[in-house]
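Student:
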């Protein structure tokens with residue numbers, strides 16, 4: 001008999017988490033900045049969405065958390081980027097906790113005995129076998145009765161980086177990477193994969209490391225995220241490639257000139273800003289993908 005398990009990928013898209021884009025003029029709320037949203041759509045559609053489409057197992061649901069004040073047309077377009085994948089928006093009001101919102105959605109969405117949530121950033125990518133490996137470890141530990149006793153955290157230490165400025169890949173070993181999965185019994189009091197920082201999850205829960213000789217995730221390095229730094233050992237052949245066909249860049253995209261704050265130095269390239277989409281966003285019209 002198959003295990004009663006429901007799988008989710010949880011993405012914090014533009015919830016108010018205190019982030020500050022490196023290319024931002026300082027006006028308004030950073031997570032609702034039109035330029036950031038247009039550029040983030042290009043990154044999500046180019047790198048993250050196709051990695052969801054390419055999973056060898058597709059029996060999962062993607063939950064994308066948006067600030068509740070995000071324009072509905074924008075939300076609709078983002079949720080339509082991953083063809084053939086069940087994607088659901090989760091709207092987060094000011095002051096609400098996105099982890100609580102994810103857990104509440106799960107309670108209303110399924111009656112499965114066990115659930116798992118994998119955390120993923122909207123500008124990064126998963127290897128084609130990622131969800132297949134998640135499924136293997138989750139079902140193995142559930143069958144042992146381990147998850148009945150306490151939640152199980154599945155850590156994925158083996159990954160890679162992709163520098164959008166140079167199209168180069170590096171091998172990245174990161175034992176406490178952000179691409180972890182929490183498996184637990186579904187209940188109103190469940191913890192949720194965003195209950196703590198990813199670096200602390202293995203200290204809170206029973207943890208297994210996903211053994212793999214090849215990278216199972218990829219951090220995309222671009223200059224619209226101040227935290228992005230290329231790490232790891234350069235490799236000639238990556239474990240898997242990221243991006244839709246034609247996504248490679250030959251030159252660094254020009255940065256937006258800052259007017260109210262000192263411009264930060266660039267360390268990598270970002271997805272080129274689409275002027276037409278910026279205008280469409282401001283007018284509340286549907287934007288064009290992969291133009």
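Residue numbers (UniProt numbering): 1 to 291.
By construction, the Cβ of each residue, glycine as well, lies at the ideal position given by its N, Cα and C atoms.
(1) Along the beta strand (DSSP E) that carries residue 57, what are the first and last residues, could you check?
(2) Between residue 4 and residue 35, what straight-line distance do the alpha-carbon atoms span, to the nearest angstrom?
(3) Out of 31, 64, 112 and 58, which one is the CA nearest neighbour of residue 11?
(4) Which whole-angstrom value is the C-beta distance of residue 171 and residue 213, which I expect to be below 8 Å?
(5) Between which two residues does the beta strand (DSSP E) containing residue 153 stretch?
(6) So, residue 180 versus residue 143, is the Cβ gap smaller than 9 Å?
(7) Can you tell which of 29, 245, 108 and 71 has its C-alpha closest to the C-alpha of residue 188?
(8) Throw me the rounded Cβ distance for the residue 90 and residue 9 pair, which I believe falls under 8 Å.
(9) Measuring CB atoms only, is the stretch 78–97 touching the stretch 156–170, in the sense that at least three cross pairs come out at less than 8 Å?
(10) Is the stretch 99–117 touching the stretch 46–54 in the sense that three or more CB pairs, one from each, lie closer than 8 Å?
(11) Once you ignore the five residues that flank residue 245 on each side, which residues in its own chain have a CB closer than 7 Å to its CB?
(12) If we require 3 or more residues per run, which beta strand (DSSP E) segments fall completely within the stretch 141–183?
(13) Given that a residue counts as buried once 16 or more other Cβ atoms are within 10 Å of its Cβ, and exposed if not, what is residue 184?
Tutor: Judging by the given coordinates:
(1) Locating residue 57 in the chain shown gives position 57, where the first residue counts as 1. Residue 57 -> no beta strand (DSSP E), and no H or E assigned at all.
(2) If you number the chain shown from 1, residue 4 lands on position 4. If you number the chain shown from 1, residue 35 lands on position 35. Computed Cα separation, rounded: 43 Å.
(3) On the chain shown, position 11 is the one that residue 11 refers to. Among 31, 64, 112 and 58, the Cα nearest to that of residue 11 belongs to 64.
(4) The count along the chain shown starts at 1 and reaches residue 171 at position 171. The count along the chain shown starts at 1 and reaches residue 213 at position 213. That belief does not hold up - the Cβ atoms of residue 171 and residue 213 are roughly 11 Å apart, past 8 Å.
(5) Counting from 1 along the chain shown, the entry for residue 153 is found at position 153. Counting along the chain, the beta strand (DSSP E) containing residue 153 begins and ends at 152–155.
(6) Here residue 180 refers to the residue found at position 180 of the chain shown. Here residue 143 refers to the residue found at position 143 of the chain shown. No, Cβ-Cβ distance for residue 180 and residue 143 is not below 9 Å.
(7) By one-based count along the chain shown, residue 188 stands at place 188. Among 29, 245, 108 and 71, the Cα nearest to that of residue 188 belongs to 108.
(8) Counting from 1 along the chain shown, the entry for residue 90 is found at position 90. Counting from 1 along the chain shown, the entry for residue 9 is found at position 9. Approximately 12 Å separates the beta-carbon atoms of residue 90 and residue 9; this is outside 8 Å, ruling out the contact.
(9) no
(10) Counting Cβ pairs under 8 Å, fewer than three are found: no touch.
(11) Looking up residue 245 in the chain shown gives position 245. Nothing meets the Cβ criterion.
(12) 152–155, 158–163 and 168–173
(13) Here residue 184 corresponds to residue number 184 of the chain shown, with the count starting at 1. So residue 184 counts as buried.
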